[in-house]
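Chains A and B, in that order, give the protein sequences.
Counting in the working numbering, the first sequence runs from 845 upward without gaps.
Counting in the working numbering, the second sequence runs from 845 upward without gaps.
Protein chains: 2
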Amino acid sequence: MINEPKQPVDLKTALSTFEALWSPRIVTRVNDYDVRIAKVAGEHVWHVHENTDEFFLVLEGELRIALREPGPGGERTVVLPRGSVFVVPRGVEHKPSSAEGASIMMFEPTGTPTVGDRHDPVPGHIDATTGHALGS
Amino acid sequence: MINEPKQPVDLKTALSTFEALWSPRIVTRVNDYDVRIAKVAGEHVWHVHENTDEFFLVLEGELRIALREPGPGGERTVVLPRGSVFVVPRGVEHKPSSAEGASIMMFEPTGTPTVGDRHDPVPGHIDATTGHALGS
Chain A
845 MINEPKQPVD LKTALSTFEA LWSPRIVTRV NDYDVRIAKV AGEHVWHVHE
895 NTDEFFLVLE GELRIALREP GPGGERTVVL PRGSVFVVPR GVEHKPSSAE
945 GASIMMFEPT GTPTVGDRHD PVPGHIDATT GHALGS
Chain B
845 MINEPKQPVD LKTALSTFEA LWSPRIVTRV NDYDVRIAKV AGEHVWHVHE
895 NTDEFFLVLE GELRIALREP GPGGERTVVL PRGSVFVVPR GVEHKPSSAE
945 GASIMMFEPT GTPTVGDRHD PVPGHIDATT GHALGS
């Protein structure tokens with residue numbers, strides 16, 4: 845059953861099974877949500893998820909998320925060191941990046957595309973996907 | 845807005861703000877889900893969430909989760925070292941424990957009670973709650 849991993853999953857071991865950047869693997873599912881892990885480096889693409897928040901936890905390295913929030917604030921960037929979490933609210937344009945590289949964990953509804961519902965042109969190094977099975 | 849923590853939350857710093865065991869703090873929300881952290885030591889109580897899976901990530905220490913699964917398998921215990929994840933499927937009776945103590949992160953629908961929908965008598969050291977605000 846898809847919701848029933850028989851054994852715990854060690855995230856470091858799971859991360860060691862792939863090298864692709866910006867190409868999340870689905871570690872497990874919680875109801876109709878995915879738990880995804882990804883290796884990242886360089887810049888993602890500006891995109892927005894219209895109908896869902898997106899949770900980030902930094903497992904290794906440092907992640908930055910540029911945000912274009914409504915209101916007078918305009919654009920800002922939050923910095924997530926290892927061990928910190930952040931939720932990008934639905935409807936907020938954002939662009940993750942990591943100059944030195946990072947490993948991250950995400951929660952989001954199953955089927956959520958990595959490039960959101962609207963996005964800038966997707967560069968070749970970004971995998972437009974709803975996540976891959978671990979080991980695939 | 846409840847879904848909009850203005851800044852990232854460092855989990856170690858968040859964990860340092862409370863000492864209570866088995867008494868989860870809500871770090872942030874993702875749609876209608878909570879991200880909760882807890883310090884644990886000793887035994888929780890046998891309980892079941894009839895309508896939701898429950899996600900665990902071990903941040904520090906080691907967590908064990910005893911499971912009473914349907915079928916001939918009967919009772920078993922999964923061991924989660926630091927950095928590993930496990931999802932208890934809905935409807936499965938379970939009892940977390942940690943002999944040496946651990947810090948954990950959980951992901952579950954907002955309003956999910958720590959002692960589930962059915963449970964053994966709740967001992968005094970277990971906080972029957974749907975989670976507390978961080979800093980409360």
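By construction, the Cβ of each residue, glycine as well, lies at the ideal position given by its N, Cα and C atoms.
Item to check | Beta-carbon proximity list for N847 of chain B, same chain, < 6 Å, skipping 5 on both sides | outcome: The residue labelled residue 847 of chain B in the question sits at position 3 within the second sequence. Any reading at N847 of chain B must be qualified, since the residue scores a pLDDT of 44, below 50, and its modelled position is unreliable; the value itself is stated next. Hits under 6 Å: R873.
Next on the checklist: If the cut-off is 8 Å on Cβ atoms, which residues from the region 926-937 of chain B count as contacting chain A, listed in chain order?
Outcome noted: G927, S928, V929, F930, V931, P933, R934
Checklist entry - Quick one: complete beta strand (DSSP E) runs, 3+ long, within the region 873-950 of chain A? => result 877-887, 898-905, 907-913, 918-924, 928-932
Next on the checklist: Helix, strand or coil, according to DSSP, for L865 of chain B in the structure here?
Outcome noted: Against the second sequence, residue 865 of chain B aligns to sequence position 21. DSSP places L865 of chain B in strand when its eight states are reduced to three.
Checklist entry - Given that a residue counts as buried once 16 or more other Cβ atoms are within 10 Å of its Cβ, and exposed if not, what is N895 of chain A? => result By 1-based counting over the first sequence, the position of residue 895 of chain A is 51. Flag for N895 of chain A reads exposed.
Checklist entry - In chain B, which residues lie less than 9 Å from V966 of chain A when you measure between Cβ atoms? => result The sequence position of residue 966 of chain A within the first sequence is 122, counting from 1. By Cβ distance, chain B contributes nothing, its closest Cβ being about 24 Å from V966 of chain A, past 9 Å.
Checklist entry - Would you call the CB atoms of V932 of chain A and D897 of chain A closer than 9 Å? => result Indexing the first sequence from 1 puts residue 932 of chain A at position 88. Indexing the first sequence from 1 puts residue 897 of chain A at position 53. Yes, the Cβ-Cβ distance between V932 of chain A and D897 of chain A is below 9 Å.
Checklist entry - Is it true that the CB of L911 of chain B sits closer than 9 Å to the CB of L901 of chain A? => result Working through the first sequence from its first residue, we reach residue 901 of chain A at position 57. Working through the second sequence from its first residue, we reach residue 911 of chain B at position 67. No, they are not a contact pair.
Checklist entry - So, are the CB atoms of L978 of chain B and R869 of chain B less than 9 Å apart? => result Along the second sequence, one-based indexing puts residue 978 of chain B at 134. Along the second sequence, one-based indexing puts residue 869 of chain B at 25. A contact, by the Cβ cut-off of 9 Å.
Checklist entry - Smallest Cα separation from L903 of chain A: which of A:I970, A:S942, A:A972, A:G960? => result As a working note, residue 903 of chain A is residue 59 in the first sequence. For L903 of chain A, the nearest C-alpha among the options comes from A:S942.
Checklist entry - Helix or strand or just coil, what does DSSP make of A858 of chain B? => result Here the question's residue 858 of chain B lines up with position 14 in the second sequence. Correct three-state label for A858 of chain B: helix.
Next on the checklist: I believe A946 of chain A touches E906 of chain A by the beta-carbon criterion, under 8 Å. Please report the beta-carbon distance rounded to the nearest angstrom.
Outcome noted: Your numbering for residue 946 of chain A matches position 102 in the first sequence. Your numbering for residue 906 of chain A matches position 62 in the first sequence. Yes, A946 of chain A and E906 of chain A are in contact; Cβ-Cβ is about 6 Å, under 8 Å.
Checklist entry - Smallest Cα separation from R880 of chain B: which of B:K939, B:A972, B:T974, B:M950? => result Sequence index remark: in the second sequence, residue 880 of chain B carries index 36 (1-based). Checking every option, the nearest Cα to that of R880 of chain B belongs to B:M950.
Item to check | Coarse secondary structure for T973 of chain A, derived from DSSP in three states | outcome: Numbered from its first residue, the first sequence carries residue 973 of chain A at position 129. Note: T973 of chain A maps to coil in three-state DSSP.
Next on the checklist: I need the straight-line Cα distance from A858 of chain A to A972 of chain B, nearest angstrom please.
Outcome noted: If you number the first sequence from 1, residue 858 of chain A lands on position 14. If you number the second sequence from 1, residue 972 of chain B lands on position 128. Rounded to whole angstroms, A858 of chain A to A972 of chain B spans 34 Å at the Cα level.
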